[in-house]
Each structure stands twice: as structure tokens, then as C-alpha cells.
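Colleague: Structure provided below as C-alpha cells; questions to follow.
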Amino acid sequence: MLSNHLVEDDRAHLIHPVTSLRAHEQRGVTILQSAKGCFVTDASGHTLLDGFAGLWCVNAGYGHESIIEVAMEQMRRLPYATGYFHFGSEPAIRLAAKLAEITPGDLNRVFFTLGGSDAVDTVVRMVRYYNNVRGMTLKKQFISLERGYHGSSSNGAGLTALPVFHEKFDLPRSWQHYIPSPYPYRNAAGEDPAAIIAASVQALKNKVREIGQDNVAAFICEPVQGSGGVIVPPTGYLTAMQAACRELGILFIIDEVITGFGRTGPMFACEHEGIEPDFMTIAKGLTSGYVPMGAAIVSNRVYEVIADGTVDGSAFGHGLTYSGHPVSAAVGLEVMRLYQEGGLIENGQRVGAYFGRRLAELRDHPLVGDVRSIGLLGAIELVADKETKRKPAKEARVGARLFDAGYKNGLIFRAFGDDTIGFAPPLCITESEVDLLIERLDKTLALAL
Ligand code: PLP
497 MLSNHLVEDD
507 RAHLIHPVTS
517 LRAHEQRGVT
527 ILQSAKGCFV
537 TDASGHTLLD
547 GFAGLWCVNA
557 GYGHESIIEV
567 AMEQMRRLPY
577 ATGYFHFGSE
587 PAIRLAAKLA
597 EITPGDLNRV
607 FFTLGGSDAV
617 DTVVRMVRYY
627 NNVRGMTLKK
637 QFISLERGYH
647 GSSSNGAGLT
657 ALPVFHEKFD
667 LPRSWQHYIP
677 SPYPYRNAAG
687 EDPAAIIAAS
697 VQALKNKVRE
707 IGQDNVAAFI
717 CEPVQGSGGV
727 IVPPTGYLTA
737 MQAACRELGI
747 LFIIDEVITG
757 FGRTGPMFAC
767 EHEGIEPDFM
777 TIAKGLTSGY
787 VPMGAAIVSN
797 RVYEVIADGT
807 VDGSAFGHGL
817 TYSGHPVSAA
827 VGLEVMRLYQ
837 EGGLIENGQR
847 VGAYFGRRLA
857 ELRDHPLVGD
867 VRSIGLLGAI
877 ELVADKETKR
887 KPAKEARVGA
897 RLFDAGYKNG
907 LIFRAFGDDT
917 IGFAPPLCIT
927 ESEVDLLIER
937 LDKTLALAL
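With this note's numbering applied, the sequence shown corresponds to residues 497 to 945, in that order.
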């Protein structure tokens, strides 16, 4: 059979991202073959509800004809154009203008990347460049959150606090620092939102004091921590952290790679609190995952300083062959149209509220310690004891077992470590598909008891 042959070739040749390579060699690949709407079908013909939109990216759902059409049309007309040496292409320019229009504050300058990791990498390089041009050459230290994920590029992985991205990789530890995640369910300051916010602001101030204000360049966070287990901070957290950054004279970077483009309700999660960061990173929903693309978006104020660094005619020495790729940009423009005119954001908001209510019904399950959600982004945290919040034993492999059981029940979600499973279905999901998701999840949780 073709798929047996592929399984062997996969075992022999393909290195899978963020996967235990030895476990994968034993287990073998699950080949996904086709998809439509919110459903994917694997090589054995098993059809599953994709409760994770691929990797939190296929916001428009699979098989969207208008996206496919614009990609084909752009490939026929101009499949590639560089942005180097003063060249450009219509889709890249139009998409940059559209992003400047829809992002908050004076985020008006767009540098296109291939995804989120290089968007974060770009921001780190820009921040260093910015401070060097300003003559503030000591301001090089970055602060991020424990449980934060900012990609796998060397700079992005540096800001990522999840240990598996550091251990054995020898990442230089000279420029990054971490402060506690707001994490309401397990916060040392307790569950009171005001106490969590106050403790978070204090932690940032303490860290800046420890490093020295003149040495700290920026604070970066996800508005809702994704890969760290879908940690939804209390309302007011971002406002307080932004104010603290302004007071401390450090840049505020928001990583909206997951939360951008309607995932939490509004176009950007920043909008929940009217946040206006100095930098924003985006990817995933930018093209709904159909083709790779991300971006680092920079405020006018910061851009002006960076541009001044090139007044002597030298280049801003940061570039990617595929920056502003015309096919990705054409897809991005069509996806923006679907968000703004195709009802995708509104559907995500309406069904997101329903999803949140349905997910919360699982709170009474004996294994469920915490249920958290915002828009179409959610997670449940599993515990061995609800009273004490004791985590399940590592050997019980609850997350992995639930993932396998979910798959058998026709549902894809993501397991974070051993105790949390997360959901981020496409924004085109309907209420009856949410019902199906909850029904299959309920059945899956029953198996794990
Ligand atoms: N930043 C955040 C918040 C992410 O969740 C991710 C990926 O999941 C990245 C950056 C890295 O993006 P990519 O995988 O496209 O490189």
C-alpha cells in the first residue's frame, strides 16, 4: 500500500518538528491526506474534526476556493518577486498597507517573514539596531514570561521559556530573562485578578531593577500564552504591563502569532484592552496557514530611528529571500477580505462565546481542574485531585493518552505536557460542530478515567 511505503520513508528520512524522534520512529507517522471545512481525513480514511485548526492557523477552514483561486492566479502572473534592491510586488505592498490599517496605534511599518519564529527574530534584531542607532548601546537585555513560547529561531527560542527549547541546544543565556506567567489557576499571588496583576507588575519592576534600567531593551509577551497551556491573563494585565514598560522606558512587544486575526474575538487580542505596543509579531492566521507568512510590525516612532541608521547609504542588513512573497501576500489579502467582509471574525466571536459556554460545562468532570477560554481558544487542565490541584503523575501520560483516545473518537486537539489539552478550531466552525467537538471530547475524557 502507498501509505505503508510512506510510513517507512517517513521513518527513514523525515525529521519532525517538536517531536520525540525515538518515540516517532516506534510509533510511525499519521498521514493526513485531505481536508474540507473543519474536518481532515487521514490515509486510512478516518475523518476527524480538527479542533486545533492545524497548528492554530487554519482560521478560514480547509478547502476555501477563493483562497486557492488567488494563489493560483498569483502564481500564473508573478510567482516570485524579491523585496531586495528597491523591488516589490503589488500584493506585498497592498498587504502591508492593509496591516498598517488594521493594527492598533501607530504600528505602520511591516517587515514580512516566513512565519512567527523569524518574525520574533526580526524584532529582536530590530530592537538591538534601534538602540545602537540611538547610542544606547547597553540596552540589550530582554524580559519574557515563564511558559512563554516565541518560536524556534535562535532569538525566538531564547525568549521562549519552555525548557525543551533550551536544554541540549546551548542557547546563549546572556541577554534573556524570565518573570512569572500570570497563570490564574496556579499563581503564587492567588486567584484574585488584582493581586495577580500587581504581582506581575512588581516582578517586571524587580527584574528591571536587578538587571539595571539602562540595560533593559524590551518586554515581550503573548496576550494569551498559547503553547504554555492557553493561559488567559486577568483583564487589565496587558494594560498594567504596558504602563509599567512605558514607566521603565522599555519597549513593549506583543506576540500575536496565535492570538491575531480573530482567534480570541477581535481582530487582535490587543484590542480587548486598547493596547498599543511598539512591536507586534503575527503569522498563522495571516494566511490561514495556506502558505507560509509572518510579519514584524513596527511603530512609526521606532521605524524612524531604524531608518536613520541607514542615512549614510548603508543597507538595513536584515533580509529573507521570501520576504513579502507575492503568492503568500495575495493569499493574505484574500484572507483579510474573508475576515473583514466574509463574516469570519463575526462568526468566530459568536461561535466562540458558545464554545466557551460548552467547554465550561466540563468543569464538573472529576479529572478537570481548570477550564479556560477566550474566543475560539481554550484549554482544560487535568488534575489528579481537584481540591489540592495535584497534577497527574507523569507516568500516567494523561495528555498523550487523551490525545490518542481523542483521535480514535474523531477529534484532534493538542496535548501540552502531561496535564493540559488545548483547542483552537477554525473560525468558520458552526455551533453544531462545536456540539460535536464537545460530544467527542466528553467521550474521550470518559475513557481516561
Ligand atoms: N510566537 C508564538 C506566540 C507562537 O505560538 C509561535 C508558534 O506557535 C511562534 C511565535 C513561532 O511561529 P512559527 O512556528 O510560525 O515559526
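We put the beta carbon where it would ideally sit given N, CA and C, even for glycine.
Would a C-beta distance cut-off of 8 Å place L782 and L610 closer than the cut-off?
Modeller: Here residue 782 corresponds to residue number 286 of the sequence shown, with the count starting at 1. Here residue 610 corresponds to residue number 114 of the sequence shown, with the count starting at 1. Taking 8 Å as the Cβ cut-off, L782 and L610 do not qualify as a contacting pair.
Colleague: Does DSSP put H509 in a helix, in a strand, or in coil?
Modeller: Mapped onto the sequence shown, residue 509 falls at position 13. Looking at H509 - three-state DSSP - the assignment turns out to be helix.
Colleague: On the DSSP letters alone, give me the boundaries of the beta strand (DSSP E) that H673 sits inside.
Modeller: As a working note, residue 673 is residue 177 in the sequence shown. Run containing H673: 672 to 675, per the beta strand (DSSP E) assignment.
Colleague: Apart from the five residues just before and just after P548, which ones in its own chain have a Cβ nearer than 6 Å to its Cβ?
Modeller: As a first step, residue 548 must be located in the sequence shown, where it is residue number 52. A small correction: the amino acid at residue 548 is Phe; Pro does not occupy that position in the sequence shown. Answer for F548: I908, F909, R910, A920, listed in chain order.
Colleague: So is I511 buried or exposed if we call it buried at 16+ other beta carbons inside 10 Å?
Modeller: Working through the sequence shown from its first residue, we reach residue 511 at position 15. So I511 counts as exposed.
Colleague: CB T537 to CB G906, shorter than 8 Å?
Modeller: Position 41 of the sequence shown, counted from the first residue, corresponds to residue 537. Position 410 of the sequence shown, counted from the first residue, corresponds to residue 906. No; because the gap between Cβ atoms is not below 8 Å, this pair is not in contact.
Colleague: What does the alpha-carbon distance come out to for the pair T760 and K885?
Modeller: As a working note, residue 760 is residue 264 in the sequence shown. As a working note, residue 885 is residue 389 in the sequence shown. If I take the Cα positions, the gap works out to 27 Å.
Colleague: Give the DSSP-derived three-state secondary structure of M763 in the structure shown.
Modeller: Numbered from 1 along the sequence shown, position 267 holds the residue referred to as residue 763. Correct three-state label for M763: coil.
Colleague: If you measure from the CB of Y679, is any heavy atom of the ligand PLP nearer than 7 Å?
Modeller: Looking up residue 679 in the sequence shown gives position 183. It does not: the Cβ of Y679 is nowhere closer than 7 Å to a heavy atom of the ligand PLP.
Colleague: Does DSSP put V536 in a helix, in a strand, or in coil?
Modeller: Mapped onto the sequence shown, residue 536 falls at position 40. If DSSP states are grouped into helix, strand and coil, V536 belongs with the strands.
Colleague: Is the distance from the Cβ of L528 to the Cβ of I793 below 8 Å?
Modeller: Taking the first residue of the sequence shown as position 1, residue 528 is located at position 32. Taking the first residue of the sequence shown as position 1, residue 793 is located at position 297. Against a cut-off of 8 Å, the Cβ pair of I793 and L528 comes out as no contact.
Colleague: Helix or strand or just coil, what does DSSP make of D881?
Modeller: Within the sequence shown, numbered from 1, the residue matching residue 881 stands at position 385. Correct three-state label for D881: strand.
Colleague: Compute the Euclidean distance between the alpha carbons of T618 and I750, then round it to the nearest angstrom.
Modeller: Counted from its first residue, the sequence shown places residue 618 at position 122. Counted from its first residue, the sequence shown places residue 750 at position 254. Looking at the two C-alpha atoms, the distance is approximately 13 Å.
Colleague: Pick from T777, D710, H821: whose alpha carbon is nearest that of I589?
Modeller: Along the sequence shown, one-based indexing puts residue 589 at 93. With distances taken between Cα atoms, I589 lies closest to H821.
Colleague: To the nearest angstrom, report how far apart P719 and N500 are at their CA atoms.
Modeller: Reading the sequence shown from its first residue, position 223 is the one you call residue 719. Reading the sequence shown from its first residue, position 4 is the one you call residue 500. P719 and N500: Cα-Cα distance of roughly 42 Å.
Colleague: Taking the alpha helix (DSSP H) that M776 falls in, what are its first and last residues?
Modeller: For the purposes of this step, residue 776 is identified with residue 280 of the sequence shown, where counting begins at 1. M776 -> not in any alpha helix (DSSP H); beta strand (DSSP E) instead, spanning 775 to 778.
Colleague: With 16 other CB atoms within 10 Å as the buried threshold, where does T806 fall?
Modeller: Stepping through the sequence shown from its first residue, residue 806 is reached at position 310. T806 is exposed by the Cβ-count criterion.
Colleague: Measure the alpha-carbon distance for T916 versus A875 and round it to whole angstroms.
Modeller: As a first step, residue 916 must be located in the sequence shown, where it is residue number 420. As a first step, residue 875 must be located in the sequence shown, where it is residue number 379. Taking C-alpha positions only, T916 is separated from A875 by approximately 7 Å.
Colleague: With a Cβ-Cβ cutoff of 8 Å, do F912 and G725 count as a contact?
Modeller: Position 416 of the sequence shown, counting from 1, holds the residue named residue 912. Position 229 of the sequence shown, counting from 1, holds the residue named residue 725. G725 is positioned such that its CB atom lies closer than 8 Å to that of F912.
Colleague: Taking only three categories from DSSP, how would you classify S640?
Modeller: Walking along the sequence shown from the start, residue 640 turns up at place 144. Strand at S640.
Colleague: Taking the C-alpha atoms as reference points, what is the distance between A539 and I771?
Modeller: Sequence index remark: in the sequence shown, residue 539 carries index 43 (1-based). Sequence index remark: in the sequence shown, residue 771 carries index 275 (1-based). Between A539 and I771, the C-alpha separation is close to 44 Å.
Colleague: Put N604 into one of helix, strand or coil per three-state DSSP.
Modeller: Numbered from 1 along the sequence shown, position 108 holds the residue referred to as residue 604. Three-state result, N604: strand.
Colleague: Using a Cβ-Cβ cut-off of 8 Å (strictly less than) and excluding sequence neighbours within five positions of E569, which residues of its own chain qualify?
Modeller: As a working mapping, residue 569 is identified with position 73 in the sequence shown. Closer than 8 Å at the Cβ level, and outside the excluded window around E569, lie A826.
Colleague: Return helix, strand or coil for A699, following the three-state DSSP convention.
Modeller: On the sequence shown, residue 699 is found 203 positions in, with the first residue counted as 1. DSSP places A699 in helix when its eight states are reduced to three.
Colleague: So what does DSSP say about G895, is it helix, strand or coil?
Modeller: Working through the sequence shown from its first residue, we reach residue 895 at position 399. G895: helix per DSSP, three-state reduction.
Colleague: Can you say whether V831 is buried or exposed, counting buried as having 16 or more other CB atoms within 10 angstroms of its CB?
Modeller: As a position in the sequence shown, residue 831 is number 335, starting the count at 1. V831 is buried by the Cβ-count criterion.
Colleague: Given the structure, does S650 come close to the ligand PLP, in the sense that its CB is under 7 Å from one of the ligand's heavy atoms?
Modeller: By 1-based counting over the sequence shown, the position of residue 650 is 154. Every heavy atom of the ligand PLP is 7 Å or more from the Cβ of S650, so no.
Colleague: Can you grab the Cα-Cα spacing for the pair A896 / L872, in whole Å?
Modeller: Within the sequence shown, the letter at position 400 stands for residue 896. Within the sequence shown, the letter at position 376 stands for residue 872. Going from the Cα of A896 to the Cα of L872 covers about 22 Å.
Colleague: So, for S819: in the same chain, excluding its five sequence neighbours on each side, which residues have a beta-carbon less than 6 Å away from its beta-carbon?
Modeller: Reading the sequence shown from its first residue, position 323 is the one you call residue 819. Excluding residues within five positions, the ones whose Cβ falls inside 6 Å are G579, F608.
Colleague: Identify every run of the beta strand (DSSP E) within the region 554 to 638, keeping only runs that are complete inside it and at least 3 residues long; order them along the chain.
Modeller: 603 to 609
Colleague: Consider the Cβ of S810: report whether some Cβ of chain C lies at a distance smaller than 8 Å.
Modeller: No chain C is part of this structure, which consists of one protein chain only.
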